[in-house]
Structure formats: structure tokens, C-alpha cells
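Here is the structure we will look at, set down as C-alpha cells.
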Amino acid sequence: MSVEPTTNLEAQARGTEPGAARALVEAVGSRVIQLVEDVGGMTSMAARLVVGAVRPPWRLGLVFAQMDFLGVGSVMLVALTGLFTGMVFAKQSVYAFSLFSAESLVGPTVIIALTRELAPVFTALMVTMRAGSAMCTELGTMRVTEQIDALVTLAVDPVKYLVFPRVIAGLLMTPVLCVVFDAAGIFGTYFVTVHLENLSVGTLLAKTQQFVSPRDVFEGIVKSAVFGLIIALIASYKGFNAAGGAKGVGRATTEAMVMTAVSIFFLDYLMGLLLIGA
Numbered sequence: 002m003s004v005e006p007t008t009n010l011e012a013q014a015r016g017t018e019p020g021a022a023r024a025l026v027e028a029v030g031s032r033v034i035q036l037v038e039d040v041g042g043m044t045s046m047a048a049r050l051v052v053g054a055v056r057p058p059w060r061l062g063l064v065f066a067q068m069d070f071l072g073v074g075s076v077m078l079v080a081l082t083g084l085f086t087g088m089v090f091a092k093q094s095v096y097a098f099s100l101f102s103a104e105s106l107v108g109p110t111v112i113i114a115l116t117r118e119l120a121p122v123f124t125a126l127m128v129t130m131r132a133g134s135a136m137c138t139e140l141g142t143m144r145v146t147e148q149i150d151a152l153v154t155l156a157v158d159p160v161k162y163l164v165f166p167r168v169i170a171g172l173l174m175t176p177v178l179c180v181v182f183d184a185a186g187i188f189g190t191y192f193v194t195v196h197l198e199n200l201s202v203g204t205l206l207a208k209t210q211q212f213v214s215p216r217d218v219f220e221g222i223v224k225s226a227v228f229g230l231i232i233a234l235i236a237s238y239k240g241f242n243a244a245g246g247a248k249g250v251g252r253a254t255t256e257a258m259v260m261t262a263v264s265i266f267f268l269d270y271l272m273g274l275l276l277i278g279a
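Residue 249 in our numbering sits at position 248 of the sequence shown, with consecutive numbering throughout.
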């Protein structure tokens, strides 16, 4: 009984199936290993920062310089983002609520969404884009040019000297920027609802006082503080461990931005569950 010969195409397909599966497993495994290494490295760096926070010198001049760069330098970007976010969200909300004649609820709906979710998340993304990328690039350049190694030879703790000011700046200034976003977004909401859509300012204020509470603003500020800490920690860690010259610095910056953005959304959901249930 003769057996039909296998075609070359079938043979190639059968030969590549195990190789493709193996490559997929290796790719996923390498990603998981890298993630575990990054989490472990950032945890170790955070522990060193905690220890360094209680030991002088604190070099407040470096802290203030980073606060100026991260906070003051980002005010205009965050304010514009908040203004247009509030305006767009208010415009869409007016249209949606008009479908069932509930335009009076536009104000509190938009303001609650701004203060609890949009302000902390969008502020964190703007800070990541502007300051986080700069942090990672600067520290990565210092690493590949051996400036960090030079600090070690001078008996200076590079984590305390370089990372600590950036983390403190992120922790303190991101909540301030979140408040700026809130104010700009609320003004944008007021402008659209009252001056463009001709809704009553009295109704807007009354419904806002009825449904919006200080806790909504407080929860957004708490979220933004955590986000600021994460932004500075991830950007500093990735830059601190960059390798491979200019290309390596670019790769580290890209990885830092992606990891930070994913972490922001993940933590936003997690903290949302915890704060709503509290």
C-alpha cells in the first residue's frame, strides 16, 4: 500500500509549528521575567528611598529644583488639558442628557467625573509625557556616560542624590497639578453649560452643591499623589538602569512611558474600587 508523499508546504508547516510555539513561550516568559525583575528592582529602590528619607543630608535645593521643573513647568499644559477636557465633556453631556430632558444634571455629572477620575488620570499622563520622559532620559544619559558611577566613587549615594528629589517632587506636585486640572475643567464646564448652551447658572450651582462633595475632590488628590510617586519611581528606575548608549536610553524611556501609563490605569481602577467601597 503506497503512502502519498507529504508536500513541501505541509512539511514546512509541521516543522515550524513547534518552533513558533516555542518562540511564543520564550517571548512571554522573557516578558514575565523582565516584569518580575523590574518590580523587584523598583521595590529595592523604594526601600532605599525610605531609608534615605530619614537620614540627612536631604539636599532641599535639589528637591525644590525638581518641584519647579515637574510642577511649575507643567501648570500651563495641565491647565489647558483640563480646560478643554471639561469643555468637551460638558458639550457631550449636554447632548446626552437632553435626550431625556435632564440637562440640570450636566454640571454635577461632569464635575464628579473630573474630580474623581479624569483629573488625576489625565494629570498623571501629562506629567508622564512631559516630566517622566525627561527624568528617564536625563538619568539614562548619566548612566551611559558613567556620571552615576562617578558619584559612587565620590562616596555619594546616587539613589539619594538623584532619585529622592524626583520622587518627592512627583509625590508633592502631582496633587497640586490635579487641583489645577480640576479648576480649569470646572471653569470649562461652566463656560460651555452657561454661556454656550444657555443653562441656568443657578441650577448649575444648586445641583453641584447637592451632588458634589469634598470627598470627590479628596479622592482625586489621593490618586494623583500615588500616580506622581509611581511616575517618578518608574522613570528614575528605568533611566538609572539604562544601558547600550543612546539607543539604550531611548529604549529605556519608551519602556518607562509604557509601564507608567499601564500602571496609572491599573492603579486607577484598583483605587477606585477601594475608595468607592470605603
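The beta carbon of each residue, even a glycine, is placed where N, CA and C say it ideally should be.
> Is it buried or exposed for residue 93, if we count other Cβ within 10 angstroms and need 16 for buried?
Replying inline: Sequence index remark: in the sequence shown, residue 93 carries index 92 (1-based). Residue 93 is exposed by the Cβ-count criterion.
>> For the structure I just gave you, are there three or more beta carbon pairs, one from the segment 123-132 and one from the segment 158-176, closer than 8 Å?
In response: In short, these stretches touch, since the Cβ pair count reaches three.
>> With H, G and I counted as helix, E and B as strand and the rest as coil, what does DSSP make of residue 245?
In response: Here residue 245 is taken as the residue at index 244 of the sequence shown, counted from 1. Residue state for residue 245 is assigned as coil, using DSSP reduced to three classes.
> Helix, strand or coil for residue 201 per DSSP?
Replying inline: Counting from one through the sequence shown, the residue named residue 201 turns up at place 200. Coil at residue 201, not helix or strand.
> Which value, in whole angstroms, describes the spacing of the CA atoms of residue 238 and residue 50?
Replying inline: Counting from 1 along the sequence shown, the entry for residue 238 is found at position 237. Counting from 1 along the sequence shown, the entry for residue 50 is found at position 49. Per the coordinates, the alpha-carbon of residue 238 lies some 12 Å from the alpha-carbon of residue 50.
> For residue 104, which residues from the same chain have a beta carbon less than 7 Å from its beta carbon, with the 5 sequence-adjacent residues on both sides left out?
Replying inline: Indexing the sequence shown from 1 puts residue 104 at position 103. Taken in chain order, the residues that qualify are 95, 98, 200.
> From residue 206 to residue 234, what distance separates their C-alpha atoms?
Replying inline: By 1-based counting over the sequence shown, the position of residue 206 is 205. By 1-based counting over the sequence shown, the position of residue 234 is 233. Rounded to the nearest angstrom, the two C-alpha atoms are 40 Å apart.
>> Only counting the same chain, and skipping five residues up and downstream in sequence, which positions put a Cβ closer than 6 Å to that of residue 90?
In response: If you number the sequence shown from 1, residue 90 lands on position 89. Taken in chain order, the residues that qualify are 111.
>> Between the alpha carbons of residue 107 and residue 164, how many angstroms are there, rounded?
In response: Your numbering for residue 107 matches position 106 in the sequence shown. Your numbering for residue 164 matches position 163 in the sequence shown. So the alpha carbons of these two residues sit roughly 43 Å apart.
>> Taking the straight line between their C-alpha atoms, what separation do you get for residue 39 and residue 187?
In response: In the sequence shown, residue 39 corresponds to position 38, counting from 1. In the sequence shown, residue 187 corresponds to position 186, counting from 1. Taking the straight line joining both Cα atoms gives about 38 Å.
>> For residue 44 and residue 138, I'd like the C-alpha separation in whole angstroms.
In response: Here residue 44 refers to the residue found at position 43 of the sequence shown. Here residue 138 refers to the residue found at position 137 of the sequence shown. Each residue's Cα considered, the two are about 21 Å apart.
> Going along the chain, which unbroken runs of the alpha helix (DSSP H) with 4 or more residues stay wholly within the segment 81-120?
Replying inline: Runs found: 107-114.
>> Does the structure place the segment 150-167 close enough to the segment 57-66 that three or more beta carbon pairs sit under 8 Å?
In response: Cβ pair count under 8 Å is three or more, so yes.
> Less than 6 Å between the CB of residue 216 and some heavy atom of the ligand ADP, yes or no?
Replying inline: With respect to the ligand ADP, the structure offers nothing, as it holds no ligand at all.
>> Which residue wins for smallest C-alpha separation from residue 209, given the options 219, 220, 133, 190?
In response: For the purposes of this step, residue 209 is taken as the residue at position 208 of the sequence shown. The shortest CA-to-CA distance from residue 209 to any of 219, 220, 133, 190 is the one to 190.
>> Here's the rule: buried if 16 or more other CB atoms are within 10 angstroms of the residue's CB, otherwise exposed. What is residue 217?
In response: Within the sequence shown, residue 217 is the residue found at index 216, counting from 1. Residue 217 should be labelled buried.
> Is residue 69 buried or exposed, if buried means 16 or more other CB atoms sit within 10 Å of its CB?
Replying inline: Within the sequence shown, numbered from 1, the residue matching residue 69 stands at position 68. Exposed, by the Cβ-count rule.
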